[in-house]
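Taking it in order: structure first as structure tokens, then the write-up.
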Amino acid sequence: MIGRPSEAEEAVPAAQLPVSVRAPAKCILFGEHAVVHGQPELLLAIDLYTLLVAQGSTRLSLNGEEDPGRTNPYLRRALESGSPPPPLALTTTSRIPRGAGLGSSAAFVAALETARAALEGGLSRPALAQRAFDLERGAQGVGSPGDTSAVVAGGLLTVNAGAGPELWAVTDGTQRWVVRRVPDPAWSWLVAYSGVPRDTARTVRAVSSRLAAPDGPRLLERFRAVAEAGVDALRSENRSEVGRLLGQNQELLREVGASHPRLEALLEAVAPSCEGAKLTGAGAGGSIVALPLPGRELETIRRVTRAGGSAYAVRVAPRGVHLVDRPASMVGIPSEGPPPGA
Ligand code: PMV
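Just so you know, we're using the working numbering here: the sequence shown kicks off at -5 and counts up by one.
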């Protein structure tokens, strides 16, 4: 059936300066690390946002920094690429904690590529997903297109799992990852930052060498089984089974060395009021994701706070990165801190 694409599937339209873009954060429920090796992943865009405003300028700047390639690895990569961004004064503001494994870099690259695409006359969403991945991967050197796809698509997504129509496929020239939508059961999730910044590239490399050991294929097979069961449990809205599987995924992540004592302390703190919880993102620092028992969301936030973490009650962000009317309050107001992803 051919119909009007939903907002989430719509192409980036052409636009003129100034351009404002809003990009959601993301949270991985099952399959981080294993997805780098082609295994399934389940993730969601969450309703914490980065806003980026691009205004005309004679040179590229970010939040007033006139040589942003020096401090921001994604702009550095973009400047070194065959098609550097045009001279723009970029301003960002973000509610996504940085270095927390919640997609601040994916939101930044997706917002940047969206602004650029709009100024170049528009772009389809599959092509935007590929461009955002190319930029993030180019800067990080490792990784899968899960994060950037979630930020571009919005909603709840699988990578390399399930049947049904493909939303798009993203490639690095060697591997191909297939992205599909999953219906959102509209649950409240809780993410909590440990305060320990994580280093995705370093952790992905460490876990990859662990997975290159003789028992690596068996471990990857266990990651696959948990993620596929997680997708089924979420589709059938079986909260307790999703919770149990979050715990199983955490055991595997622990086994490959992706946990951290601060993450374990947060997981222990939230256990009594949650169906289940696990680290989310690269780990070795960063954040956890928890599914609170119905009605016990506030208690879970208190538990996180008492354990020294920063809690965010989140829901699925239904729309991926998109153009917005210029929020007047952002223009001329300095951003809250250093550039995202720095
Ligand atoms: O950068 P983070 O912390 O959001 O982690 C990304 C998830 C990994 O699977 C570890 C890497 C990847 O690119 O998929």
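From the three backbone atoms N, C-alpha and C, an ideal C-beta is built for every residue, glycine too.
Only a predicted model underlies this, so the values are computations on that prediction, with no experimental measurement involved.
Secondary structure at valine 198: helix, using DSSP grouped into helix, strand and coil. Taking a C-beta distance under 8 angstroms as the contact criterion, threonine 294 and proline 286 qualify as a contact pair. For aspartate 209, there is no enclosing alpha helix (DSSP H), since its DSSP letter is neither H nor E. For aspartate 226, the shortest separation between its Cβ and any heavy atom of ligand 1 does not lie below 7 angstroms. Rounded to whole angstroms, arginine 248 and proline 12 show a C-alpha spacing of 46 angstroms.
Distance from the CA of arginine 238 to the CA of lysine 20, rounded to the nearest whole angstrom, comes to 21 angstroms. Remark: the shortest separation between the CB of isoleucine 40 and any heavy atom of ligand 1 does not fall under 7 angstroms.
Excluding residues up to 5 positions away in sequence, Gln49, Ser51 and Ser55 lie with their Cβ nearer than 7 angstroms to the Cβ of alanine 83 in the same chain. Looking at the backbone, the Cα of proline 78 and that of valine 250 are separated by about 38 angstroms.
In chain order, Gly270, Ala271 and Lys272 place their CB closer than 8 angstroms to the CB of glycine 241, counting only its own chain and leaving out the 5 sequence neighbours on each side. At the C-beta level, leucine 246 and threonine 152 stay beyond 8 angstroms of one another.
Relative to the non-hydrogen atoms of ligand 1, the Cβ of isoleucine 22 comes within a distance shorter than 7 angstroms of at least one. In the structure shown, the three-state DSSP call for serine 230 is coil.
Rounded to the nearest whole angstrom, the C-alpha separation of alanine 111 and valine 145 is 15 angstroms. The way I'd put it, the segment 252 to 260 does touch the segment 186 to 204; three or more beta-carbon pairs between them come closer than 8 angstroms. Counting only residues of its own chain and dropping the five nearest sequence neighbours on each side, tyrosine 43 has a CB closer than 8 angstroms to the CB of Arg16, Ala17, Pro18, Ala19, Ser88, Arg89, Ile90, Ala101 and Ala311.
Beyond the five residues adjoining it in sequence on each side, cysteine 268 comes within less than 7 angstroms, by CB distance, of Gly237, Ala284, Leu285, Pro286, Leu287 and Thr294 in the same chain, given in chain order. Spanning the alpha carbons of serine 0 and alanine 263 requires a straight line of approximately 40 angstroms. Fully enclosed alpha helix (DSSP H) runs of no fewer than 4 residues occupy 62 to 65 and 67 to 74 of the segment 47 to 110, in order along the chain. A straight line joining the alpha-carbon of glutamate 60 with that of arginine 53 spans about 8 angstroms.
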